[in-house]
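Numbering (the working numbering), first residue to last: 7 to 200.
Glycine included, each C-beta is placed from N, C-alpha and C at the ideal position.
Quick caveat: nothing in here was measured; it's all calculated off a predicted structure.
Contents: one structure, followed by commentary.
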């Protein structure tokens, strides 16, 4: 039940969930009418997908040389996800204005909440735990933006709680949440003391 066929293409549920989460976050940014961050976000999503997809050249070069069409079917796996994640973080530091970084962290949390609930729906696991996870994520998204540094860590701990329930606490997904929390903590400036 983790694979879906769309025409002649077979796609894993997690990939569909990522695409849906990216789309949901883009719609929210569009509704907020924040063109600067929407542009950065769109480019970051494109960069993530391109690096992840093309990272097979780096990690399985011989396979690509033997069968060049493998670029269409394969990706870099978790190594590719991490490489793409690092590229996106560097891109955010480079292109995202300092005053928009708190909103970028909020969009990261929205993308994470969206991904988790869409994945649960696609895999047929939308029972009590994913609904509690969604409710907690929505509550965290409602916390005022000026407290985003602490909220990112609360969000990360909330996600890790649910990762631990499925024995995936130190999985690549869990470590990705931790990496994002560290990143946003470092790049979001503290408000000056008044």
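Under the Cβ criterion (8 Å, minimum of three pairs), the stretch 119–136 counts as touching the stretch 158–175. Annotation for residue 115: 143, 146, 147, 157, 158, 161 place their beta carbon closer than 8 Å to its own, counting only its chain and skipping 5 residues before and after. Positions of the alpha helix (DSSP H) runs, each at least 4 residues long and wholly inside the stretch 9–42, are given as 19–38 in order along the chain. Between the alpha carbons of residue 96 and residue 181 lies a distance of about 18 Å.
Taking the Cβ atoms as the reference, residue 51 lies roughly 10 Å from residue 90, outside the contact range of under 8 Å. Excluding sequence positions up to five before and after residue 37, its CB lies less than 8 Å from no other CB in the same chain. Between residue 140 and residue 119 the beta-carbon gap is near 6 Å, inside 8 Å, which marks them as a contact. As the crow flies, the alpha-carbon of residue 192 is around 14 Å from that of residue 153.
Residue state for residue 128 is assigned as helix, using DSSP reduced to three classes. Here the C-alpha atom of residue 82 lies approximately 35 Å from the C-alpha atom of residue 151.
Counted as a single uninterrupted DSSP element, the alpha helix (DSSP H) harbouring residue 169 occupies residues 154–171.
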